[in-house]
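In the numbering used here, each residue's number is its place in the sequence shown (first place is 1) plus 3.
Right, one structure below, let's go through it.
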Amino acid sequence: MLIETYLLEQFEAVARCGTLLKASEELHISQPSLSRSMKKLEDELGVSLFLRENSKISLNETGKLAADYAKRALEANQEMIERVTAFDRSLRTVSIGSCSPFPVNDLIPILQEQLPEKTLSTELVGSDEKLLAGLRSHLYQMVVLHHLPEEKDLFCQRYLDEQLYITLPKDHPLAGLGSVSFEDLKSLRILMTAHVGFWMDITLEKLDPANLLIQNNMDALGELIDASNLPFFNSDQMLKAGYQPPDRVALPITDPEAHATYWIACLTSEQQKYRSVFSAVRGNILRRQS
Numbered sequence: 004m005l006i007e008t009y010l011l012e013q014f015e016a017v018a019r020c021g022t023l024l025k026a027s028e029e030l031h032i033s034q035p036s037l038s039r040s041m042k043k044l045e046d047e048l049g050v051s052l053f054l055r056e057n058s059k060i061s062l063n064e065t066g067k068l069a070a071d072y073a074k075r076a077l078e079a080n081q082e083m084i085e086r087v088t089a090f091d092r093s094l095r096t097v098s099i100g101s102c103s104p105f106p107v108n109d110l111i112p113i114l115q116e117q118l119p120e121k122t123l124s125t126e127l128v129g130s131d132e133k134l135l136a137g138l139r140s141h142l143y144q145m146v147v148l149h150h151l152p153e154e155k156d157l158f159c160q161r162y163l164d165e166q167l168y169i170t171l172p173k174d175h176p177l178a179g180l181g182s183v184s185f186e187d188l189k190s191l192r193i194l195m196t197a198h199v200g201f202w203m204d205i206t207l208e209k210l211d212p213a214n215l216l217i218q219n220n221m222d223a224l225g226e227l228i229d230a231s232n233l234p235f236f237n238s239d240q241m242l243k244a245g246y247q248p249p250d251r252v253a254l255p256i257t258d259p260e261a262h263a264t265y266w267i268a269c270l271t272s273e274q275q276k277y278r279s280v281f282s283a284v285r286g287n288i289l290r291r292q293s
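Below, the structure is given as structure tokens:
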């Protein structure tokens, strides 16, 4: 016996909403049509799922058990769809999830050189836990993390370090210091982009969120930096790339949380597939150190 998916979806909605009326409104079908579907499901199973009193129905004990199985069946069906489509996409595309923008942008040229036949896609995700979940579900083929995972099903390669900086006008009271802490910055209004991955959680935790002028548009952020004397976040890697307006000074933030070591990870089962990428990454590390 094979139960059609739409019957399970409608049954799950009835169980969750509690009434045919609410479920029919959510499903955008008529109440009589939904009632007929529930009767059809009962006929196919050969059991009664509802208590019918006057014009109202509610789940009986068998119905409650069936609702639990229906929910699990729908979740399994959705997981199958996601995993199959993700696997099919992985045959043509390498998807990289990253906890921060700089390391993945730095990694792209290596991937393009080593995997010329693949289409590359990237996604910024602030949580290492979410990145690892995406890796294991094949949503990503590689991820960039800011903590070294210990799980044996992962192959990891250290990539690079990044130190958070604050860029200030040269005449700012803090500009003469060799470095600053988050405590020094607490009273400042600071410009920053929304697209910084895990750095957002750190700055929101360490500083007053009301003082963070978060911009979703990079062009708008650049215009504000050029038109004002407001401080903004930077990093040693961005400074090496030349991102430093004139008449400004960049100071490192000394708190331990302001330093990140990045790791590139893939599933151990796919290590050989991306061996050339990890080899090229190691070569880049040696060139940077020389």
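Backbone N, C-alpha and C fix where the C-beta goes; we use that ideal spot for every residue, glycine too.
Remember, predicted model here, so these are calculated numbers, not experimental data.
message = According to DSSP, is ARG161 part of a helix, a strand, or is it coil?
response = strand
key: Cut-off 7 Å between Cβ atoms - residues of its own chain near LEU62, not counting five sequence neighbours on either side   = ALA18, LEU52, PHE53 and ALA70
message = With H, G and I counted as helix, E and B as strand and the rest as coil, what does DSSP make of ILE297?
response = The chain is shown from 4 up to 293; residue 297 falls before or after that span and cannot be answered.
ask   = So PHE185 packs on ASP258, CB below 8 Å; how close in whole Å?
value = 5 Å
query = Considering only residues of the region 102-182, which uninterrupted beta strand (DSSP E) runs meet the minimum length of 3 residues and lie entirely inside it, listed in chain order?
reply = 122-127, 145-148 and 157-172
ask   = Would a C-beta distance cut-off of 7 Å place LEU77 and GLU28 closer than the cut-off?
value = no
ask   = Which two residues bound the contiguous alpha helix (DSSP H) that contains MET4?
value = Taken as a continuous stretch (DSSP letters only), MET4 belongs to no alpha helix (DSSP H), as it is neither H nor E.
ask   = In the structure shown, what three-state DSSP assignment does ALA253 receive?
value = strand
Alpha-carbon spacing of SER231 relative to PRO172, whole angstroms = 10 Å
ask   = Under three-state DSSP, which class holds GLN240?
value = helix
query = Among ASP204, ALA268 and VAL280, which has the Cα closest to the Cα of ALA136?
reply = ALA268
message = Would GLN379 and ALA283 qualify as a contact pair, given that the criterion is a beta-carbon distance under 7 Å?
response = In this structure the chain extends from 4 to 293, so residue 379 is not present and cannot be described.
task = Put ALA9 into one of helix, strand or coil per three-state DSSP.
result = What sits at residue 9 in the sequence shown is Tyr, not Ala. Reduced to three states, the DSSP call for TYR9 is helix.
key: Environment of SER40 [buried if 16+ CB atoms lie within 10 Å]   = buried
ask   = Apart from the five residues on each side of it in sequence, which residues of its chain come closer than 8 Å, Cβ to Cβ, to ALA261?
value = GLN166, LEU167, PHE185, ILE205 and PRO255
ask   = Beta carbon of TYR265, beta carbon of PRO104: below 7 Å?
value = no
C-alpha distance - THR271 paired with LYS155, whole-angstrom precision = 8 Å
inquiry  = Taking its Cβ as the centre, do 16 or more other Cβ atoms sit within 10 Å of VAL183, making it buried, or is it exposed?
reply    = buried
Simplified DSSP state of LEU270, which is helix, strand or coil = strand
request  = Pair every Cβ in the region 215-230 with every Cβ in the region 147-154, then say whether three or more of these pairs are closer than 8 Å.
outcome  = no
Anticipated Cβ contact below 8 Å, GLN160 with PHE281, distance rounded = 5 Å
ask   = Does the beta-carbon of SER101 have 16 or more other beta-carbons within 10 angstroms, so that it is buried, or is it exposed?
value = buried
query = Between ASN57 and LEU138, what straight-line distance do the alpha-carbon atoms span, to the nearest angstrom?
reply = 52 Å
task = Quick one: measure Cβ to Cβ for LEU68 and LEU44, integer angstroms, because I've assumed they're closer than 8 Å.
result = Not confirmed; about 14 Å, so no contact.
request  = Could you name the residues of the same chain whose beta carbon sits closer than 6 Å to that of ASN277, not counting the 5 residues immediately before and after it, in chain order?
outcome  = Note that residue 277 corresponds to Tyr in the displayed sequence, not to Asn. Result list for TYR277: CYS269, in chain order.
key: LYS74: first and last residue of the uninterrupted alpha helix (DSSP H) it sits in   = 64-93
query = Thinking just about the alpha-carbon of each residue, which of PHE158, ALA253, TYR162 and MET203 is nearest to the one in ASN287?
reply = TYR162
ask   = Which of the three DSSP states, helix, strand or coil, is assigned to THR22?
value = coil
ask   = Exposed or buried, ASP46, counting other C-beta atoms within 10 Å across all chains shown (16 or more means buried)?
value = exposed
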